[in-house]
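Student: For reference, the structure I am asking about is given below.
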Amino acid sequence: MFTQRFRALNIGRRLLVMILAMAATIAIVGVSALVAIQSASGTVSTLQGQVDRGVMLTNIAHDVRSRFIDVANNVYRGTMIWTEANTAIARSKQQFDQDWQAYLQHLPEQERAAVLQEYQGALENLNAAYDAMLSLGEQQSRGQLELFILNDLDYLTAPFLQKLQTQISDQRQQAENYFAVFSNRNVIFVVSLLTLFAAGIGLAIFLGWTIRRSIVDPINRVMNTVKQVNDGDYSARTELHGTDEIAELSTALDSMLDARVTALVEKEQENDRLNDSIIRLLEATSQLGERDLTVTVPVSEDVTGPIADSMNLVATETARVLMEIRQVANRVESSARNVRQQSERVSEVAANERLIIEKASERLEMASKTMLMIAKLCQTSDNVAKQASTTTEQAFSAVQLTVTGMNEIRESISESEKRIKRLGERSQEISGIVDIINSIAERTHVLALNASMHAAAAGEAGRGFAVVADEVQRLAESSRNATSQISSLVKTIQSETGDAINTMNRTISEVVEGSKRAEQAGEQMRVTQDTTSELVASVAQISDRALKQVKLNEALRQIASQIESSTHTTDEELKRQWADTESLVQFASELLTSVQVFKLPGHTEPERPASAA
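The sequence shown begins at 15 in the numbering used here and counts up by one.
So this is what it looks like as structure tokens:
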């Protein structure tokens with residue numbers, strides 16, 4: 015009955031009851047202890063008063079014996095003179111009066127009157143003894159002193175001392191009795207306090223145990239219900255009733271479980287509809303997994319609708335991007351082939367120029383030999399001079415042709431550089447498209463993860479949906495791998511394009527340097543032609559200047575050799591450019607091959623041109 019009423023209270027009030035009970039127990043124990051302390055204080059004060067009175071009486075008796083009776087006996091025995099005795103007795107009388115008055119003041123008023131009445135006769139005899147001894151001290155008569163000590167001293171002082179001794183014994187006995195009563199009372203107080211404390215502890219334990227049961231039992235019942243529901247028993251209920259917090263929690267839990275059963279029935283019906291949509295998604299996903307981007311996933315109104323719509327969007331965007339990549343790859347391949355053909359033409363022009371330069375070098379050597387012959391055969395200087403003039407003109411023409419050819423080479427290389435730069439820009443466009451594909455693959459991957467989470471939330475009913483999510487995720491991974499390969503190829507193309515541009519820049523620099531040297535050679539040949547004309551006009555000067563002309567022809571021959579060396583270098587650079595262009599064509603073909611693994615809507619496979627040997 016008590017437990018049921020106790021459970022009717024909320025948890026806060028139960029704890030408040032326990033706290034109030036413990037506080038009341040502590041208050042009762044404290045008040046009892048305070049009363050015991052006050053009683054002990056009164057008892058101690060009473061015992062202290064009795065002890066003080068006993069000490070006063072003992073001191074009075076000691077003073078009477080030592081300062082009066084012993085002094086009188088000392089005078090009688092002759093160990094003390096009368097003057098000292100009179101002074102000691104007078105002081106003893108004065109001290110006795112002070113001590114006796116102090117003792118009387120220490121007594122309560124009623125007890126004081128009783129003591130005065132009791133000690134009246136004995137006190138008068140003691141005072142008479144003091145007076146008689148003081149009178150004898152004035153007379154200093156030893157005979158009367160002897161008679162007083164033998165006959166009157168004991169008679170006058172003994173009653174007072176006996177009463178003092180009796181009073182001291184009575185007070186000691188009274189104090190012992192009072193202390194015994196005090197000890198018994200203290201024992202009773204201690205036992206009472208321990209009993210109250212034990213009762214308070216017992217009450218606190220009982221209330222704590224009751225509160226614990228009133229809280230823990232309902233909580234265990236709620237926990238058991240939750241465990242049963244977790245194990246699959248949806249009919250389990252707490253069925254707790256009351257007004258406390260745990261009862262309200264149990265009622266809310268029962269209501270939630272009732273609503274959950276209804277929701278589960280509706281969820282089963284929804285799962286049946288969801289399974290049909292998942293089957294359609296699986297069929298479409300299987301075709302997408304085979305890289306067939308022409309498939310269209312049917313869109314339903316259930317939870318798979320957004321997924322199907324997203325898959326259609328991904329397939330459409332992927333197909334569009336791949337179409338653009340394929341077109342860009344075709345343009346890249348076509349541009350690369352044009353660059354390769356241009357490089358071949360440039361190589362042919364460079365070979366022709368090399369032959370011309372070789373011929374020019376040979377003719378310069380012949381001119382040098384001719385000048386030697388002129389130095390030796392001054393007589394035939396006129397004919398030789400004419401021949402030298404003709405040879406110089408031919409050499410000058412050859413040098414002019416060389417300069418013109420090098421300018422054409424420089425223009426061809428500049429055109430090739432522009433085309434390769436445009437090719438690099440196209441590869442940058444491919445990189446942007448690859449980034450778009452990678453972003454789409456990432457979005458598809460995130461979408462697949464979200465679908466997996468929805469499938470996991472659906473439990474057994476979402477297992478088929480989880481399969482669809484896994485297929486979508488694998489498709490996203492395949493797309494990411496393909497875009498990664500494409501990105502790697504594009505980066506390789508960009509790297510090779512950059513190398514080709516650098517090679518062309520070096521070639522242009524060398525051609526410019528060769529052009530400068532050829533122009534210098536032409537200028538030297540013009541000087542030679544003038545010199546030859548002067549030789550024709552003035553044969554007499556040929557002998558003097560023949561040696562100088564030989565040295566000049568030797569310098570021209572060295573310049574021609576340098577031009578020939580530069581032409582060889584240009585040819586080597588053009589060969590490397592041709593190899594780079596061939597690699598670019600190969601990379602473009604590989605890019606087309608990577609893109610063509612996808613089946614795109616409305617697309618027919620174009621015929622690829624055959625690769626040049």
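Each residue gets a CB set at the ideal place from its N, CA and C atoms; glycine is no exception.
#1: May I have the straight-line CA-CA distance separating S155 from A102, to the nearest angstrom?
#2: Out of curiosity, what's the CA-to-CA distance linking T664 and L489?
#3: Can you tell which of T583, T506 and G476 has the C-alpha that lies nearest to the C-alpha of V628?
#4: Counting beta carbon pairs with one atom in the segment 593 to 601 and one in the segment 344 to 358, are three or more of them shorter than 8 Å?
#5: Please report how far the alpha carbon of R477 lies from the alpha carbon of I451, in whole angstroms.
#6: A142 to L71, Cα distance in whole Å?
#7: Just mark M539 as buried or exposed, buried being the case when its beta carbon has 16 or more other beta carbons within 10 Å.
#8: Between which two residues does the alpha helix (DSSP H) carrying A213 extend?
#9: Leaving out five residues before and five after G56 in sequence, what residues of the same chain have Cβ atoms less than 6 Å from its Cβ?
#10: Can you list, in chain order, the stretches of the beta strand (DSSP E) that have 3 or more residues and sit fully within the segment 469 to 520?
#11: According to DSSP, is G438 part of a helix, a strand, or is it coil?
#12: Have a look at I444 and T607 and give me their C-alpha separation to the nearest angstrom.
#13: Thinking C-beta only, is L178 closer than 9 Å to I74?
#14: Considering L148, what are the terminal residues of the alpha helix (DSSP H) in which it resides?
#15: Buried or exposed, going by whether 16 or more other CB atoms sit within 10 Å of the CB of V49?
#16: Compute the distance between the beta-carbons of A329 and S291, then report whether it is under 9 Å.
#17: Where do the N-terminal and C-terminal ends of the alpha helix (DSSP H) with T97 fall, by residue?
#18: Evaluate P620 with the Cβ neighbour count: other Cβ atoms within 10 Å of its Cβ, from every protein chain shown; 16 or more gives buried, anything less gives exposed.
#19: Under a Cβ-count criterion, where at least 16 other Cβ atoms within 10 Å of its own Cβ denotes burial, should E578 be classed as buried or exposed?
#20: Once the 5 residues before and after S159 are set aside, which same chain residues still bring their CB inside 7 Å of it?
#21: Would the beta-carbon of L570 fall within 9 Å of that of A535?
#22: Roughly how far, in whole angstroms, is the beta-carbon of R81 from the beta-carbon of S106, given that I think they are within contact range, below 8 Å?
#23: Measuring straight from C-alpha to C-alpha, what distance separates K373 and T404?
#24: At the level of alpha carbons, what is the spacing between A627 and Q576?
#25: Is DSSP giving D247 helix, strand or coil here?
#26: Under DSSP, the alpha helix (DSSP H) around V85 begins and ends at which residues?
#27: Just to confirm before moving on: does the CB-CB distance between G216 and I40 stay below 9 Å?
#28: Are E524 and E587 close, meaning C-beta to C-beta below 9 Å?
#29: How about T517 and R590: are their beta carbons less than 9 Å apart?
#30: What residues in its chain sit with their C-beta under 6 Å from that of M36, if we drop five residues either side in the sequence?
#31: DSSP state of D66, grouped into three classes?
#32: Are the segment 254 to 268 and the segment 220 to 236 in contact at 8 Å, needing three or more beta carbon pairs?
#33: Determine the burial state of W223: buried for a count of at least 16 other Cβ atoms within 10 Å of its Cβ, exposed for fewer.
#34: Please state the DSSP three-state secondary structure of E253.
#35: Could you give the distance in angstroms between the alpha-carbon of E190 and the alpha-carbon of R199?
#36: Run through DSSP, which three-state label would D258 get?
Tutor: To lay it out plainly:
#1: Whole-angstrom Cα-Cα distance: 18 Å.
#2: Because the chain is modelled from 15 through 627, residue 664 falls outside the range shown and cannot be assessed.
#3: Since the first and last residues shown for the chain are 15 and 627, residue 628 lies out of range.
#4: The segment 344 to 358, when compared against the segment 593 to 601, does touch it at the 8 Å Cβ threshold.
#5: If you draw a straight line from the Cα of R477 to the Cα of I451, it is about 29 Å long.
#6: For A142 and L71, the distance between alpha carbons rounds to 20 Å.
#7: Under a 10 Å Cβ-count criterion, M539 is classified as buried, with 16 or more other Cβ atoms of the shown protein chains found around its own Cβ.
#8: Its alpha helix (DSSP H) spans residues D168 to N244.
#9: The same chain holds no residue with a CB closer than 6 Å to that of G56 once the five nearest residues on each side in sequence are set aside.
#10: With a minimum length of 3 residues, no continuous beta strand (DSSP E) run stays inside the segment 469 to 520.
#11: Of the three classes helix, strand and coil, the one that applies to G438 here is helix, per DSSP.
#12: Whole-angstrom Cα-Cα distance: 15 Å.
#13: Yes, they are a contact pair.
#14: Element bounds for L148: Q134 to Q153.
#15: Classification for V49: exposed.
#16: Not closer than 9 Å, so no.
#17: Run containing T97: W96 to H120, per the alpha helix (DSSP H) assignment.
#18: For P620, the predicted structure reports a pLDDT of 47, less than 50, and the residue's modelled location is therefore unreliable. A value from the coordinates is still provided. The residue is exposed, with fewer than 16 neighbouring Cβ atoms inside 10 Å.
#19: It is buried - the Cβ of E578 has at least 16 other Cβ atoms within 10 Å.
#20: Correcting the residue identity first, residue 159 is Leu in this sequence and not Ser. Within the same chain, Cβ atoms closer than 7 Å to the Cβ of L159 are found at V89, Y90 and L150, the five residues on either side in sequence being excluded.
#21: A Cβ-Cβ contact shorter than 9 Å links L570 with A535.
#22: Between S106 and R81 the Cβ distance is about 4 Å, and since that is below 8 Å, they are a contact.
#23: One C-alpha to the other measures close to 15 Å.
#24: The predicted model places A627 with a pLDDT of 35, which falls under 50 and marks its position as unreliable; any figure quoted below should be read in that light. So the alpha carbons of these two residues sit roughly 33 Å apart.
#25: In the three-state DSSP reduction, D247 falls in the coil class, being neither helix nor strand.
#26: It spans D84 to R91 - the alpha helix (DSSP H) in which V85 sits, taken as one unbroken run.
#27: Not a contact, by the Cβ cut-off of 9 Å.
#28: Closer than 9 Å, so yes.
#29: Yes, these two residues count as a Cβ contact at 9 Å.
#30: Here the set comprises A218.
#31: In this structure, D66 counts as helix in the three-state DSSP scheme.
#32: In this structure the segment 254 to 268 touches the segment 220 to 236; the number of beta carbon pairs closer than 8 Å is three or more.
#33: By the neighbour-count rule (16 or more Cβ atoms within 10 Å), W223 is not buried but exposed.
#34: The answer is coil: DSSP assigns E253 none of H, G, I, E or B.
#35: E190 and R199 have their C-alpha atoms some 14 Å from each other.
#36: D258 sits in coil when the DSSP states are folded into three classes, being neither helix nor strand.
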